[in-house]
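Asker: Got a structure for you, written out below as structure tokens; questions coming shortly.
Below you can see the structure in the form of structure tokens.
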């Protein structure tokens, strides 16, 4: 409904971080209500448990607000990139409880190569203040609880290499899935307007959830369950790999359909399920000693 309303009023949602980073002058297209509207669209997407995550919209919201403030204060050109970096760092720090990672992300992705101490200072302060405000309002608790102790040291390194290889394969499948899903939506007949594509994604997600409800986004409880998994059987391995595979499909469809959300949270789910499957398989083969 929001997409149809935007088309009728000849307006768009706030620009993506990729677009803003490529051309900060797009700040002139940003109005206060556009980021708010995109945040609302993300809230609806995630509130209906579609297979996306909140971190991407939070980062883009921060970047949009930063650029809008910079343009309103009369800045232009390269100065606007500093506001984009500060806003992006603030959004990332609040979304992930990780101000240091947010600073490095903004330095590498937005500012790229710069020796401007003022820009670096502003980005650092923005990330730290954002995380402090979030901590004061919502508290600072870890998203995941990890109870396992890795006690074998170097002998376990090959297993971690295997986990990395398996997760890399899943990442490849996710990229391929998103590419194929994007082509599929591009091939949808013109009789079905593009504004209806998010509804197709939601219907697909709902139909999948009727059979496999674990693929819905209901926070990070599912990942916590996998981290504390006590079911050691080949059936558990098959189930975990199936969950990861189906999550790849639902995330690909939801992301390319036009639903508003990020892919970081689904990627965590896919990685957790894949890692748990490899770890469980290792235990069954006598190669690991986790959760003992």
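Residue numbers (the working numbering): 82 to 373.
Glycine residues also receive a C-beta, built at the ideal position from the N, C-alpha and C atoms.
Residues bridged to residue 134 by DSSP?
Answerer: Answer is 343.
Asker: Ordered along the chain, which non-local residues of its own chain (more than five positions away) have a Cβ less than 7 Å from that of residue 347?
Answerer: Once the five neighbours on either side are set aside, the close Cβ partners of residue 347 are 132, 133, 134, 328 and 332.
Asker: Assuming residue 165 contacts residue 191 (C-beta within less than 8 Å), just tell me the rounded distance between them.
Answerer: Rounded, the Cβ-Cβ distance is 6 Å, consistent with contact.
Asker: Comparing alpha-carbon positions, which option in 156, 177, 183 and 176 lies nearest residue 167?
Answerer: Answer by Cα proximity: 183.
Asker: Please classify residue 362 as buried or exposed, where buried requires at least 16 neighbouring CB atoms within 10 angstroms.
Answerer: Burial call: buried.
Asker: Using only alpha-carbon positions, find the residue among 201, 337 and 356 that is nearest to residue 324.
Answerer: Selected option, being the one with the closest Cα: 356.
Asker: Pick helix, strand or coil for residue 145, following the three-state DSSP scheme.
Answerer: Correct three-state label for residue 145: helix.
Asker: Of the residues 242, 304, 307 and 129, which one's Cα is nearest the Cα of residue 285?
Answerer: Of the candidates 242, 304, 307 and 129, the one whose C-alpha sits nearest the C-alpha of residue 285 is 129.
Asker: Is the separation between the beta-carbon of residue 160 and that of residue 172 shorter than 8 Å?
Answerer: No, the Cβ-Cβ distance between residue 160 and residue 172 is not below 8 Å.
Asker: For residue 225 versus residue 340, is the C-beta distance shorter than 8 Å?
Answerer: No. Outside cutoff.
Asker: Quick check on DSSP: helix, strand or coil for residue 90?
Answerer: Its pLDDT being 38, under 50, residue 90 is placed unreliably in this model, and the value from its coordinates should be taken loosely. Coil.
Asker: Express the C-alpha separation of residue 350 and residue 114 in angstroms, rounding to a whole number.
Answerer: Cα to Cα, residue 114 sits roughly 32 Å from residue 350.
Asker: How about residue 170 and residue 208: are their beta carbons less than 8 Å apart?
Answerer: Yes; because the gap between Cβ atoms is below 8 Å, this pair is in contact.
Asker: Taking 8 Å as the cut-off, decide whether the C-beta atoms of residue 296 and residue 287 are in contact.
Answerer: Cβ atoms of residue 296 and residue 287: not closer than 8 Å.
Asker: Quick one: what does DSSP say residue 82 is sitting in, helix, strand or coil?
Answerer: The predicted model places residue 82 with a pLDDT of 48, which falls under 50 and marks its position as unreliable; any figure quoted below should be read in that light. Three-state result, residue 82: coil.
Asker: DSSP on residue 373, reduced to helix/strand/coil?
Answerer: Unreliable positioning characterises residue 373 in this predicted model, as indicated by a pLDDT of 44, which lies under 50. A coordinate reading is not provided.
Asker: Among 271, 162, 344 and 299, which has the Cα closest to the Cα of residue 252?
Answerer: Minimum Cα distance to residue 252 is reached at 344.
Asker: Rounded to the nearest angstrom, what separates residue 222 and residue 178 at their Cα positions?
Answerer: Looking at the two C-alpha atoms, the distance is approximately 9 Å.
Asker: The alpha helix (DSSP H) spanning residue 26 covers which residue range?
Answerer: An answer regarding residue 26 cannot be provided, because it is not within the stretch 82 to 373 covered by the chain.
Asker: Please confirm whether residue 142 and residue 116 have their CB atoms less than 8 Å apart.
Answerer: Taking 8 Å as the Cβ cut-off, residue 142 and residue 116 qualify as a contacting pair.
Asker: Only counting runs of 4 or more residues, tell me where the alpha helix (DSSP H) segments fall wholly within the segment 287-361, in order along the chain.
Answerer: Listed in chain order, the complete alpha helix (DSSP H) runs (minimum 4 residues) inside the segment 287-361 are 302-308 and 315-337.
Asker: Give the straight-line distance between the Cα atoms of residue 199 and residue 366, rounded to the nearest whole angstrom.
Answerer: About 55 Å.
Asker: Can you tell me where the alpha helix (DSSP H) with residue 385 in it begins and where it stops?
Answerer: Since the first and last residues shown for the chain are 82 and 373, residue 385 lies out of range.
Asker: Say the cut is 7 Å; is the CB of residue 324 nearer than that to a heavy atom of the ligand ZN?
Answerer: No copy of the ligand ZN occurs in the structure displayed, which carries no ligand at all.
Asker: Between which two residues does the alpha helix (DSSP H) containing residue 379 stretch?
Answerer: Only positions 82 to 373 of the chain appear in the structure, and residue 379 is not among them; the question remains open.
Asker: Whole angstroms are fine: how far does the CA of residue 122 sit from the CA of residue 352?
Answerer: About 26 Å.
Asker: Near residue 317, which residues of its chain fall below 6 Å by C-beta distance, leaving aside the five closest residues on each side in sequence?
Answerer: Only 361 meet the Cβ criterion.
Asker: Among 330, 215, 188 and 163, whose alpha-carbon lies nearest the alpha-carbon of residue 293?
Answerer: The shortest Cα separation from residue 293 among 330, 215, 188 and 163 belongs to 330.
Asker: Measure the beta-carbon distance from residue 140 to residue 163 and round it to whole angstroms, keeping in mind my assumption that it falls under 8 Å.
Answerer: Not really, about 16 Å apart at Cβ, beyond 8 Å.
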